[in-house]
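Since the structure comes first, as structure tokens, the remarks are kept for the end.
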Amino acid sequence: DTDVEYSVLGTDYDNYLVVWSCWASSVVNGVPQYTGYSWVLGRSKVLSQEALDAVSSIETSHNIDRTLYEDTRQDNCPVNSSS
């Protein structure tokens, strides 16, 4: 087990969250090889244009290449509401 730290790069607390994590995933010839990941999490399956624009601005300011993202299928993924 490896503990992985992450950083919140931005959120509006209501619609989206942008997270970044980086860790030494392996060692080659004594040199750590780092792997970085970022996630965009949303409270809804589709983000509004305003939220997408804010996320894009965060990605740009942190040099995150959006073309490397993969969409997560949300079909058959029920939402459990807390009461």
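Under full-length UniProt numbering, think of the first position of the sequence shown as 1, with each following residue one higher. The C-beta atom is built at its ideal place from N, Cα and C for all residues, glycine as well.
> Just the Cα atoms here: how many angstroms apart are S56 and N29?
Replying inline: Sequence index remark: in the sequence shown, residue 56 carries index 56 (1-based). Sequence index remark: in the sequence shown, residue 29 carries index 29 (1-based). Taken atom to atom, the span from the alpha-carbon of S56 to that of N29 is near 37 angstroms.
> Would a C-beta distance cut-off of 8 angstroms place Y34 and V19 closer than the cut-off?
Replying inline: Locating residue 34 in the sequence shown gives position 34, counting from the first residue. Locating residue 19 in the sequence shown gives position 19, counting from the first residue. No, Cβ-Cβ distance for Y34 and V19 is not below 8 angstroms.
> Out of curiosity, what's the CA-to-CA distance linking L17 and Y37?
Replying inline: For this step, residue 17 is matched to residue 17 along the sequence shown. For this step, residue 37 is matched to residue 37 along the sequence shown. Their backbone Cα atoms lie some 14 angstroms apart in a straight line.
>> Assuming the contact rule is C-beta atoms closer than 8 angstroms, N63 and R43 should be a hit. Round their C-beta distance to whole Å, please.
In response: To locate residue 63, count along the sequence shown from 1; it is residue 63. To locate residue 43, count along the sequence shown from 1; it is residue 43. Wrong, their Cβ atoms sit about 26 angstroms apart, outside the cutoff.
> In terms of alpha-carbon separation, which member of Y69, L9, V31 lies closest to A54?
Replying inline: Along the sequence shown, read from residue 1 onward, the residue named residue 54 stands at position 54. Of the candidates Y69, L9, V31, the one whose C-alpha sits nearest the C-alpha of A54 is L9.
> Could you give the C-beta distance for V40 and W23, rounded to a whole number, given that I count them as a contact under 8 angstroms?
Replying inline: Residue 40 sits at position 40 when you count from the first residue of the sequence shown. Residue 23 sits at position 23 when you count from the first residue of the sequence shown. The C-beta distance from V40 to W23 rounds to 19 angstroms, too long to meet the 8 angstroms contact threshold.
>> Excluding the 5 residues flanking Y13 on each side, which residues of the same chain have their C-beta closer than 6 angstroms to its C-beta?
In response: Along the sequence shown, read from residue 1 onward, the residue named residue 13 stands at position 13. If we look at Y13 and ignore the five residues flanking it on each side, it has no Cβ neighbours.
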